[in-house]
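To start, the structure itself, in structure tokens.
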Amino acid sequence: MHNQLAIVKANAGTRRFLSCDFGRFPIALLSGISSTLLWTIVVELTLVGAVPSVPASAEDYSGSLPRIEATSPVGSLEKLAVVDGYRVELIASEPLVNSPVAAEWSATGELFVCEMRGYSEDRDDGLSRISRLIDEDDDGVYDHSTVYADGLLWPTAILPYRGGLFVGDAPNLWYMKDTDGDGVADQKAVVLTGFSVSNVQGLMNSFRWGLDNRIHVAVGTSGGKVRRPDQPESEAVSVRGFDLAFDPETFQFSRTSGGAQHGMCFDDWGRKFVCSNSDHLQQVMYEDRYLGSGASFVAPAARLSIAADGPQAEVFRRSPVEPWRILRTKLRVAGVVGGPVEGGGRAAGYFTGATGATIYRGDAWPESESATAVIGDVGSNLIHRKRLVGNGVPFQGQRIDQGKEFVASTDNWFRPAQFACGPDGALTVIDVYREVIEHPKSLPPDIKRHLDLTAGRDRGRLYRIVPVDYRHRKTGDLSKAGGAELVALLNHPNAWHRETASRLIFERQDRSVVPSLRQLLRDGTPLGRMHAMYALDGLGELKAGDVVSRLADQHPQVTRHAIRLAEGFSVSDQDVVSALESLVNHPSLEVRYQLAFSLSKFPGPKQMMLLASILVRDIENRWVQTAVMSSAGREPDRLMQHLIGRIGVGDGFLVRNQAIFVALAKDIRKTNARRAIESVVQRLNSIGGQPALLPVIEQFRTGDWRTLVREATAEQFDRLREHSIRIAIDQYASDKLSDADRIAALRNLGGIVDDRLTLATMEVLQGDESLTLTAATLRSIDRQASIPMLETILSRLRQWSPRLRNAACEVLFSNPTHVSVVFEAIDEGICDSEDFPITQWQRLAESKDDRTRERAEKVIGQFRSTSRDSVIEQYRSVLAKTGSVKRGEVVFRDQCAGCHQVGAMGHAVGPSLMAAATRGAESILTNVLDPNREVNPQYRNYVVLTVDGRTFSGMIVAENSSSVTLRAAESVESTVPRSEIEWIRDSGVSIMPEGLEKVITPDKMADLIAYLLKDR
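If you count by my numbering, then the sequence shown holds residues 33 to 1048, one letter each, in order.
What follows is the structure, given as structure tokens:
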């Protein structure tokens, strides 16, 4: 890799730093990486052989944990490697900045830096602060620093406004201002409070000025219950799983979609991107505010992982793996200490500390880089980048740098936690510069006591990444710009100039700029035209004519934002309504997507016809489905009527879009509107019997439904239902059809009680059907299952694979009646308590029934579990075998495809086995035989107990304010309304079952490994 590094002017502070006494950080140790590489080798050699089996507290690991020394600012710069065509410049370092985690430029060009000096355990000491950096000669390197505000706790975000700063320091969001010109904030007021401080790595962060003239805040994973100080605690709003945005004048706020960890940004067109530690690039697909209609359609989660190489993708670090990290991984693998063993037992080489997701929006880089996402991995001392490639409504993030990273350091202290695009148009890197960045709770005590979690508190670096031919641009003072100049800056190619100008126009509320804004609305660049609309809106001067003109804009993104702003007008604004109606067939999918959401604000005679037109064009696009269904709440019957006309016999339209029809039917039934229900049922009667109609039919047949339709209509509906049931049962029972067709028929029969279905179900359970069909049959069994059916399941339990046992447990432990049958079977010797996973007994141990709880607790106390390490050891010889790819495909199909996908085969429920394959055969072996050794939080099994005693389990794939959706094997999903949930528990284990050694012999394991490694 060719380095393009520039060591720019060292300021006086840096010179003093380099000449000071480093004490335990001697420069001599920092001249190269040989010593750190030696430390890695020493630790590896120390740990070769048996890992101590004694408790961790009895072992002194100090000999395996040499300290990693810091490097001088200039020396650290020299350890950075950047891809060809770019160079890295050091623009500030200690003592000017310490522990920086966020940075923002004021309109005057001053750089404010948020310094989290109390990271990670010294919050209450009030060590943190906000510093103000000055570049006295405007050469791009900062020369002077003053403390703007000190005594802070864990500050994580800042944003300039009206000459002051909004500061995020949980639990409070402050406004601070220097009113006497001495560079120190003397005015401080809490504007919002209630943000949680439960996780130092999940605090609020990333303040961003939004197009809507509000300040957007990433709440982080800690959440909280937020309110204004003048509100009582009873009015606090829970923000768990959300972000928020607030009006900087009134401090009124609302929840917004998001809820990732640390890092949130917008691209030039207002699309939102976020990241979490082990999910490095996510796109927020819609705003939760659109889902408030109460419609029954279950929307997918708003936050979508978009990295082509997966959430926890491979990274290429240059730094040696820290000795403590190697030791911790080995101790976790050996079971000496707790915690997830990520990476199949590798200590590094994949995203574990993704942070600061930023879309580059400057103008210093080549134009080809405008769609580049930049993410830091503070655990691997690198900066990763991805190209955003259009993929329908969501983007796909594709790795740009093959086999290397955009920037990577050999300095273990390099911690790029955040990024910023400032007035220079470059990318500024905010390097916390710490010896240990790991969350303190993830460090075993006997490792932690040998580390100094404060090391680096007095250090910090800011870098600038620029092309090799970059020349610094003078910063300028926008606070002195006149109104016309600010309007012109809305056309600027650099995002900082556009956003700062937008903010200043909003702050000043100077209506004299309105004519200039309207001129820009007509003649500006696409970005300028968009910003002009929002500036007019912020001044209260946006007129219907302004919006109508941009609804006809040639640039689809300008049109999309005009649609959003049209929501501020009423249905009586006929010109706006007509212009919106004309967009229903717009060539841009993003335009139609936004239109579907926004039409919810414009009820009228054409609304459902327009929504139907949008839906039909892209009906199999789940995002379009979500947008249309969010707007269909007022007249679902009219949308249903439009869609029924598209159903043909055997064309698959109903089958592919069944969820939409079911949701609409449910919403129509809720209305109890006789005319609407009669009309829709009549239309359904005209279709003729089809199994896929059954779930739709059943939505109408609830309560006193017959009183809502004419008797003749009801009788015909009964005949339609009976005919559809007969066809579905015949399909399910037919051994001439594929498993997929039989399972589809079974799902259509869900909830229907019929003797013929019971007989067909018993034949499948007692027969020798495929694992896939048997598993689907088990999951279809209603909580009202007959005693003979339960007894059949129990009698076959020991013959079934772990996958089938898991499915059987969902039936057997689904309600108290079934559990009592299980107890009787155990007492009679038909089965044993250890035939069921311990997690099932742990669930029962929380039962309200004393007898059930006591029995479960007794079982847990006696439970014997085969050591996963011993099982893996028994299979280790297969790593030397050459398996058959063809036979391995069969093993994968029979035992793994229910939860994993390779190519077109299987279900992408669990983690990718192909990702495990990138880590080699041993990683596959470990993941298959010990699925709980490496459990990414997104694949944990959750248990939901409803108020009426039902239980559901699976990984949480979507949740919003109204429901939680769980996904189990075969991609079977259960959506539970929050109003019906008594509690939700994290089981702490993977959704993948243990015990596959009972069905995958060593020879079959060799075949499976060969299959998964076939393309490598």
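Glycine included, each C-beta is placed from N, C-alpha and C at the ideal position.
Straight-line CA distance for Met1037 to Ile358?
28 angstroms
Given 8 angstroms as the limit, is there contact between the stretch 915–931 and the stretch 857–873, that is, 3 or more CB pairs closer than that?
no
Do the CB positions of Ile462 and Pro187 come within less than 8 angstroms of each other?
no
Check the DSSP bridge columns for Gly256 and list the partner residues they point to.
Phe227
Say whether the stretch 826–839 touches the stretch 1009–1025, bearing in mind that this needs 3 or more beta-carbon pairs closer than 8 angstroms, one atom from each stretch.
yes
Candidates Gly684, Ser955, Leu977, Gly799: closest to Gln872 by CA position
Leu977
To the nearest angstrom, report how far apart Tyr207 and Lys257 are at their CA atoms.
19 angstroms
Whose C-beta lies closer than 6 angstroms to the C-beta of Leu79 among residues of the same chain, with five residues either side of it excluded?
Because Leu79 sits at a pLDDT of 34, beneath the cut-off of 50, its placement in the model cannot be relied upon, and the following sentence gives the value as read from the coordinates. These residues qualify, in order along the chain: Lys362.
Take Asp1039 and list the residues in its own chain whose beta-carbon comes closer than 6 angstroms to its own, dropping the five residues that flank it on each side.
Gly915, Ser916, Arg919, Gly920, Val923
What did DSSP end up calling His755 once you bin it into helix, strand or coil?
helix
Answer yes if the stretch 220–239 comes into contact with the stretch 158–167, meaning at least three C-beta pairs across the two stretches below 8 angstroms, and no otherwise.
no
Mind checking which residues open and close the beta strand (DSSP E) that includes Lys506?
Element bounds for Lys506: n/a, residue is neither H nor E.
Pairwise C-alpha distance: Gly556 and Gly457:
20 angstroms
Between the CA atoms of Gln541 and Glu281 - distance to the nearest angstrom:
12 angstroms
Is the stretch 787–800 touching the stretch 760–778 in the sense that three or more CB pairs, one from each, lie closer than 8 angstroms?
yes
Can you list, in chain order, the residues of its chain with a C-beta nearer than 7 angstroms to that of Val75? Leave out the 5 residues immediately preceding and following it.
With a pLDDT of 34 at Val75, under the threshold of 50, the predicted position of this residue should be treated as unreliable, and no value is reported.
According to DSSP, is Ala221 part of a helix, a strand, or is it coil?
strand
Below 8 angstroms on the Cβ atoms is my guess for Val439 versus Leu420; work out the distance and round it to an integer in Å.
19 angstroms between Cβ atoms; not a contact.
Put Pro332 into one of helix, strand or coil per three-state DSSP.
coil
One or two residues paired with Pro547 in a DSSP bridge:
For Pro547, which the question treats as bridged, DSSP gives no partner whatsoever.
I'd like to know if the stretch 763–779 and the stretch 729–740 are in contact, where contact means that at least 3 CB-CB pairs between them fall below 8 angstroms.
no
Taking only heavy atoms of the ligand COA into account, decide whether any of them is closer than 7 angstroms to the Cβ of Val145.
Ligands are entirely absent from the displayed structure, and the ligand COA is therefore not among its contents.
Relative to the C-alpha of Pro146, which residue among Phe451, Ala765, Leu671, Glu346 is closest?
The sequence shown places Cys at residue 146, rather than the Pro named in the question. Looking at the Cα atoms, Phe451 is the closest of the given residues.
Can you have a look at Arg48 and say buried or exposed, based on whether 16 or more other CB atoms are within 10 angstroms of its CB?
Residue placement at Arg48 is flagged as unreliable, the pLDDT there being 29, under the threshold of 50; a coordinate-derived value is accordingly withheld.
Buried or exposed by the 16-neighbour rule on C-beta atoms within 10 Å, applied to Pro261:
exposed
Taking Gly721 as the reference, give the member of Val232, Arg701, Ala746, His755 with the closest Cα.
His755
Separation of Val251 from Gly1067, as counted between CA atoms
Residue 1067 falls outside the range modelled here, since the chain spans only 33 to 1048, and no answer is possible.
CA-CA distance, Leu32 and Leu778?
Residue 32 is absent from the model: the chain starts at 33 and stops at 1048.
Whose C-beta lies closer than 8 angstroms to the C-beta of His312 among residues of the same chain, with five residues either side of it excluded?
Ala339, Pro343, Gln344, Ala345, Phe383, Ala386, Ala389, Ile407, Asp409, His416
Looking at the secondary structure, which residues open and close the alpha helix (DSSP H) in which Ile497 lies?
Looking at the DSSP string, Ile497 is not in any alpha helix (DSSP H); the run it does join, the beta strand (DSSP E), is 493–499.
Counted within 10 angstroms of its Cβ, other Cβ atoms place Pro727 as buried (16 or more) or exposed
buried
Rounded to the nearest angstrom, what separates Gln233 and Ala134 at their Cα positions?
14 angstroms
Could you tell me whether the Cβ atoms of Gln673 and Lys698 are closer together than 8 angstroms?
no
Exposed unless 16 or more other CB atoms sit within 10 angstroms - verdict on Thr1033:
exposed
Would you list the residues sitting across from Cys146 in a DSSP beta bridge?
Ala134, Ile162
Which of helix, strand or coil DSSP assigns to Ile338
coil
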